[in-house]
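Before any comments, here is the structure.
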Amino acid sequence: MKDAAETAAAEIFADLRPRLIRLAYRMLGSVADAEDVVHDAWLRWLAADRERMRDPRALLYTIVTRLSLNELKSARRRRAAYVGPWLPEPFFDPEQEETADDLILPLMIALERLSPLERAAFLLHDVFGMEFDAVSETIGREATTCRKLASRARAHIHDARPRFVVGNEDGLRLANAFFTATRTGDLAALRAMLAEDVVVYADGGGRVPAPVRPLVGCDAAMERFAGLARLFAVHPSRLIRYATINGLPGFITMEDDLVQTTALQFEHERIVAVYVTRNPDKLHNVPDVTGWRN
Numbered sequence: 641m642k643d644a645a646e647t648a649a650a651e652i653f654a655d656l657r658p659r660l661i662r663l664a665y666r667m668l669g670s671v672a673d674a675e676d677v678v679h680d681a682w683l684r685w686l687a688a689d690r691e692r693m694r695d696p697r698a699l700l701y702t703i704v705t706r707l708s709l710n711e712l713k714s715a716r717r718r719r720a721a722y723v724g725p726w727l728p729e730p731f732f733d734p735e736q737e738e739t740a741d742d743l744i745l746p747l748m749i750a751l752e753r754l755s756p757l758e759r760a761a762f763l764l765h766d767v768f769g770m771e772f773d774a775v776s777e778t779i780g781r782e783a784t785t786c787r788k789l790a791s792r793a794r795a796h797i798h799d800a801r802p803r804f805v806v807g808n809e810d811g812l813r814l815a816n817a818f819f820t821a822t823r824t825g826d827l828a829a830l831r832a833m834l835a836e837d838v839v840v841y842a843d844g845g846g847r848v849p850a851p852v853r854p855l856v857g858c859d860a861a862m863e864r865f866a867g868l869a870r871l872f873a874v875h876p877s878r879l880i881r882y883a884t885i886n887g888l889p890g891f892i893t894m895e896d897d898l899v900q901t902t903a904l905q906f907e908h909e910r911i912v913a914v915y916v917t918r919n920p921d922k923l924h925n926v927p928d929v930t931g932w933r934n
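Take the position in the sequence shown, starting the count at 1, then add 640; the result is the number in this note's numbering.
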């Protein structure tokens, strides 16, 4: 009977694991940390008194949320000392449209600006469909407080939600045009693609060269890309593949044996934000890199 019960428990956990990973990733912005949290949740799940539980899904969400809140305490201290813009670890090619929508980079960055409890209340209720009474039990706050936390979070998320979503085919076309213009030095074509208020974020984490502040405005972006075009003329950028990165069109490249991801946010076919991730600590899970390193 014990083996049968453990097999059933393993099946329940395996079925929910992708959603648990997504919950932890949204809380932490790190695939590696999310996987660690879900592994710890698995150990606690095995030790739980499963015969008395009414809702295994709610229990697992509770375990993952509380573990994520604990992890956020140290994560927020690390990010306070982070060098340059912080971007979440890239999440590639989500299979479901609903997943792609709430993993879009601007929304992930907006989540990072929320308090941990605001983030938890919003995710559990608005994204994962938990009632506020259950959210209350999970985060240890009154249901009315959870409603207020989620409401404040919702306002921030609404402001960050992209107003224009690019389809996969159009996204590939636009990402290809941006890659070609930046790597060949076609600055006229590049300027035509950029919105006047474009912002370029480059996350090197102090580990590799990257601007320590976002580049705001078309002129600042063009100056940076002109300099990179001269560099690419000597050290060519190698395209690995185009990809959907946190719901945005983009591409994966090798730059002097360094893996890099670039994601592009468009509005009316103009680029309003460029998100470049260069920190090697965030790029261990990049697909299709094997064989590209020297």
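By construction, the Cβ of each residue, glycine as well, lies at the ideal position given by its N, Cα and C atoms.
8 Å Cβ shell around residue i - same chain, five flanking residues per side excluded
| i | result |
| --- | --- |
| E738 | In this prediction, E738 has a pLDDT of 46, which is less than 50 and means its spatial position is unreliable; nothing more can be read from the coordinates. |
| H924 | A672 |
| D875 | The residue asked about is misnamed: residue 875 is His in this sequence, not Asp. Here the set comprises E895, D896. |
| V848 | L898, R918, N919, P920 |
| L709 | M667, P756, L757, A760, I779 |
| L686 | E646, A649 |
| M770 | A698, Y701, L764, T778 |
Identified DSSP bridge partners for residue i
| i | result |
| --- | --- |
| M600 | In this structure the chain extends from 641 to 934, so residue 600 is not present and cannot be described. |
| Y839 | Looking at the sequence shown, residue 839 is not Tyr but Val. The partner list for V839 (beta bridge, DSSP) reads V856, A913. |
| P756 | DSSP output for P756 lists no bridge partner at all. |
| L904 | V914 |
| F732 | I885 |
| L834 | I911 |
Sequence-distant residues of the same chain with beta carbon closer than 6 Å to residue i, five excluded per side
| i | result |
| --- | --- |
| P728 | G669, M748 |
| R719 | W726 |
| M641 | Confidence at M641 is low in this model, with a pLDDT of 47, below 50, so its placement is unreliable and no value can be given for it. |
| L763 | R666 |
| V775 | A761, L764, H765, C786 |
Residues near residue i by beta carbon distance below 7 Å, same chain, minus five either side
| i | result |
| --- | --- |
| A903 | L745, I885, N886, L888, G890, Y915 |
| R759 | M667, L751, A793 |
| E675 | I661 |
| Y665 | V671, A674, F731 |
| A594 | The structure shown has nothing for residue 594, since the chain only spans 641 to 934. |
| A861 | L834, V838, V840, L855 |
Anticipated Cβ contact below 8 Å, residue i with residue j, distance rounded
| i | j | result |
| --- | --- | --- |
| L712 | P756 | 5 Å |
| G811 | G724 | Not really, about 26 Å apart at Cβ, beyond 8 Å. |
| R878 | D928 | Going by Cβ atoms, the distance from R878 to D928 rounds to 12 Å, so no, they are not a contact pair. |
| H765 | A790 | 5 Å |
| R768 | R787 | It should be pointed out that residue 768 corresponds to Phe in this sequence rather than to Arg. Not a contact, Cβ separation roughly 16 Å. |
Checklist entry - Can we say the segment 798–812 touches the segment 863–876, given the rule of at least three CB pairs closer than 8 Å? => result no
Checklist entry - Do three or more CB pairs link the segment 678–690 to the segment 652–668 at distances below 8 Å? => result yes
Checklist entry - Between the segment 802–821 and the segment 694–702, are three or more C-beta pairs nearer than 8 Å? => result no
Checklist entry - How about the segment 853–863 and the segment 701–714: do they share at least three Cβ pairs that are nearer than 8 Å? => result no
Checklist entry - Do the segment 824–837 and the segment 908–926 touch if we need at least three Cβ pairs shorter than 8 Å? => result yes
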